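Residue numbers (our numbering), protein chains in the order written: chain W, 139 to 345; chain C, 139 to 345. Each residue gets a CB set at the ideal place from its N, CA and C atoms; glycine is no exception. Remember, it's a predicted structure, so these values are computed and weren't measured experimentally. Structure first, then comments.
2 protein chains.
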Amino acid sequence: MVRSKLDPGRSYHHGDLKEALLKASLELVSEKGPHGFSLAEVCRKAGVSVAAPYRHYRDKEAILAAIAVAGFEQYYEGAAAAVAASSDKTFGALSALATTYVNFAIANPSRYRVMYGSDLSKAKFPELYATARRAFDVVFCVVEKCLIENGKSSENTYAMSVSMWSHCHGIAMLCVDGFLREIAMDERIAELVGLAVQSFVEQIKST
Amino acid sequence: MVRSKLDPGRSYHHGDLKEALLKASLELVSEKGPHGFSLAEVCRKAGVSVAAPYRHYRDKEAILAAIAVAGFEQYYEGAAAAVAASSDKTFGALSALATTYVNFAIANPSRYRVMYGSDLSKAKFPELYATARRAFDVVFCVVEKCLIENGKSSENTYAMSVSMWSHCHGIAMLCVDGFLREIAMDERIAELVGLAVQSFVEQIKST
DNA sequence: ACCTGAACACCGTTCAAGT
DNA sequence: ACCTGAACACCGTTCAAGT
Chain W
139 MVRSKLDPGR SYHHGDLKEA LLKASLELVS EKGPHGFSLA EVCRKAGVSV
189 AAPYRHYRDK EAILAAIAVA GFEQYYEGAA AAVAASSDKT FGALSALATT
239 YVNFAIANPS RYRVMYGSDL SKAKFPELYA TARRAFDVVF CVVEKCLIEN
289 GKSSENTYAM SVSMWSHCHG IAMLCVDGFL REIAMDERIA ELVGLAVQSF
339 VEQIKST
Chain C
139 MVRSKLDPGR SYHHGDLKEA LLKASLELVS EKGPHGFSLA EVCRKAGVSV
189 AAPYRHYRDK EAILAAIAVA GFEQYYEGAA AAVAASSDKT FGALSALATT
239 YVNFAIANPS RYRVMYGSDL SKAKFPELYA TARRAFDVVF CVVEKCLIEN
289 GKSSENTYAM SVSMWSHCHG IAMLCVDGFL REIAMDERIA ELVGLAVQSF
339 VEQIKST
């Protein structure tokens, strides 16, 4: 492969292999799922040797972490947009957010599972948790607004936000792990999200 | 190894290797987690060759399924006992059930992840989903009682039960996957379970 | 600096061969 | 019927060697 030295974006053999590997990884994980995902096949997809990734990522875990970070960022964009697009900034925004959350998981089941189920420690991948935290803050802000606008103390905002997150995460996880498909509820996900939001609303109104 | 022919419980070399492999698998998955779990190491633990398991389990997936089934059964026992021990058979039982659910996950994090995150299809492992369904039925019955005793229609029992399950599952999953530990909420799990139950109660009372 | 080729340890699975 | 030994394809990781 001959490359011009006047082509600054491209390095020796490949030119931004790091990005190409991430792209191939995102594709492969969507195709084969987290369990079928292998670094070797990513390399084949990217057309490089199996040793090539180690110049750009510490190990397989680091690539999974990159997938996870990309996932949280992608979700964050959608979540922020959903809240921004909502005319009602309290319960309406919360409903839009919950729907966005679960829809993201359903649209990207394998990525979603990598995001949460890869045993990626905070010590090794602080960026991952920072990105996840940024995504969580969207819920936090909406919940806080719900509490304040309804004349409630906001001291419980954190716990209430985690509770709402948990509820959506439970729906999303059961769904992507196949436990709602198998128990015959796949076309009623919207109903479940509705119940989650409703129970949250009733809880705020009653306390 | 010499064995008497008068010893009927023990077969050729090992004697109930199937059970021994399951036991070793349960230990190993608890030690190393779902990602560190390997069939080869299970064989080393059980003192047999790597080919030995294939006489008793179709493949690695089948052993994971056996772990999952054992997990759902163990949880089921605890859940049924918790409901039975509760004097209040409606919201009190529901609260006990939710606590039992999340505590099971926290006490057996790796097993819990195998139960839900192993991509075990209903087609290949119908027994797994039958056992999971049995566990779900405990929630279903309690939720039904909650609705009826509070003068509500029970036509929504199924969706409400799945909603409650999702909420607990979300808390449990975020916890075992390390997302509550990292966001500093590990000693407030009971509070989260309390909020989940409370939101459910308010929802029933208000509809 | 970036990538390849070859090597190593490890794993899942199969199959002929042993008891 | 149950298990072993050997084999095969595959994977993650390392490292000397190439450009």
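*Since residue 275/C is in the alpha helix (DSSP H), which residue starts that stretch and which ends it?*
Here residue 275/C corresponds to residue number 137 of the second sequence, with the count starting at 1. 264-287 is the extent of the alpha helix (DSSP H) around residue 275/C.
_Alpha-carbon spacing of residue 300/C relative to residue 167/W, whole angstroms_ = Here residue 300/C corresponds to residue number 162 of the second sequence, with the count starting at 1. Here residue 167/W corresponds to residue number 29 of the first sequence, with the count starting at 1. Roughly 28 Å between the two C-alpha positions.
*Using a Cβ cut-off of 8 Å, pull out every chain C residue sitting near residue 255/W, in sequence order please.*
As a working note, residue 255/W is residue 117 in the first sequence. The contacting residues are 251, 255 and 315.
*Unbroken beta strand (DSSP E) runs of length 3 or more, entirely within the region 162-218 of chain C: which are they?*
none
_Neighbour flag for residue 309/C against chain W, beta carbons, 8 Å_ = Here residue 309/C corresponds to residue number 171 of the second sequence, with the count starting at 1. Interface residue, yes.
_Beta carbon proximity, residue 281/W to chain C, threshold 8 Å_ = The residue you call residue 281/W lines up with position 143 of the first sequence. So no, residue 281/W is outside the interface.
_Simplified DSSP state of residue 317/W, which is helix, strand or coil_ = The residue given as residue 317/W occupies position 179 in the first sequence. Reduced to three states, the DSSP call for residue 317/W is coil.
*Are the region 156-165 of chain C and the region 175-193 of chain C in contact at 8 Å, needing three or more beta carbon pairs?*
yes
*Starting from residue 329/C, find everything on chain W with Cβ-Cβ shorter than 7 Å and list it in chain order.*
To locate residue 329/C, count along the second sequence from 1; it is residue 191. Per Cβ cutoff of 7 Å: 297.
*Following the continuous alpha helix (DSSP H) through residue 248/W, name the residue where it begins and the one where it ends.*
The residue you call residue 248/W lines up with position 110 of the first sequence. Element bounds for residue 248/W: 247-255.
_For residue 160/C and residue 297/W, which I take to be in contact (beta-carbon distance under 8 Å), what is that distance rounded to the nearest angstrom?_
Taking the second sequence and counting its residues from 1, the one referred to as residue 160/C is at position 22. Taking the first sequence and counting its residues from 1, the one referred to as residue 297/W is at position 159. The Cβ separation is near 39 Å, so there is no contact.
*Under a Cβ-count criterion, where at least 16 other Cβ atoms within 10 Å of its own Cβ denotes burial, should residue 176/C be classed as buried or exposed?*
Here residue 176/C refers to the residue found at position 38 of the second sequence. Residue 176/C is exposed by the Cβ-count criterion.
*Going by the beta-carbon positions, is the gap between residue 228/W and residue 284/W smaller than 8 Å?*
Taking the first sequence and counting its residues from 1, the one referred to as residue 228/W is at position 90. Taking the first sequence and counting its residues from 1, the one referred to as residue 284/W is at position 146. Yes, they are a contact pair.
*From residue 292/W to residue 179/C, what distance separates their C-alpha atoms?*
Position 154 of the first sequence, counted from the first residue, corresponds to residue 292/W. Position 41 of the second sequence, counted from the first residue, corresponds to residue 179/C. Straight-line Cα distance between these residues: approximately 51 Å.
*Leaving out the 5 sequence neighbours to the left and right, which residues in its chain are closer than 7 Å to residue 202/W when beta-carbon positions are compared?*
Mapped onto the first sequence, residue 202/W falls at position 64. Cβ within range, chain order: 252, 256 and 258.
*Report the three-state DSSP secondary structure of residue 236/C (helix, strand or coil).*
For the purposes of this step, residue 236/C is identified with residue 98 of the second sequence, where counting begins at 1. Correct three-state label for residue 236/C: helix.
*asked:* Need the endpoints of the alpha helix (DSSP H) that residue 258/C sits in, please.
replied: Residue 258/C sits at position 120 when you count from the first residue of the second sequence. Note, residue 258/C: premise wrong, no alpha helix (DSSP H); not H, not E.
*At what residues does the alpha helix (DSSP H) containing residue 329/C begin and finish?*
Residue mapping note: residue 329/C aligns to position 191 of the second sequence, counting from 1. Counting along the chain, the alpha helix (DSSP H) containing residue 329/C begins and ends at 327-344.
*Using a Cβ-Cβ cut-off of less than 7 Å, list which residues of the region 166-187 of chain C approach chain W; keep chain order.*
171 and 173
_Cβ pair residue 295/C, residue 287/C closer than 8 Å_ = The sequence position of residue 295/C within the second sequence is 157, counting from 1. The sequence position of residue 287/C within the second sequence is 149, counting from 1. Contact: no.
_Report the CB separation of residue 190/W from residue 155/W in whole angstroms; it is logged as a contact under 8 Å._
As a first step, residue 190/W must be located in the first sequence, where it is residue number 52. As a first step, residue 155/W must be located in the first sequence, where it is residue number 17. Right, the Cβ-Cβ distance comes to about 6 Å (below 8 Å), so this counts as a contact.
*Under the three-state reduction of DSSP, which class applies to residue 294/C: helix, strand or coil?*
For the purposes of this step, residue 294/C is taken as residue 156 along the second sequence, with counting starting at 1. Reduced to three states, the DSSP call for residue 294/C is coil.
*If the cut is a Cβ gap below 7 Å, which residues of chain C does residue 163/W touch?*
Position 25 of the first sequence, counted from the start, is the residue given in the question as residue 163/W. Going along chain C, no residue has its Cβ under 7 Å from residue 163/W, so there is no contact; the nearest lies around 17 Å.
*Measuring alpha carbon to alpha carbon, tell me which of 158/W, 238/W, 316/W and 171/W ends up nearest residue 260/C.*
In the second sequence, counting from the first residue as 1, residue 260/C sits at position 122. The residue with the shortest Cα to Cα distance from residue 260/C is 316/W.
*Chain-ordered chain C contacts of residue 284/W [CB-CB under 7 Å]*: Residue 284/W sits at position 146 when you count from the first residue of the first sequence. Chain C residues near residue 284/W: none, gap ~13 Å exceeds 7 Å.
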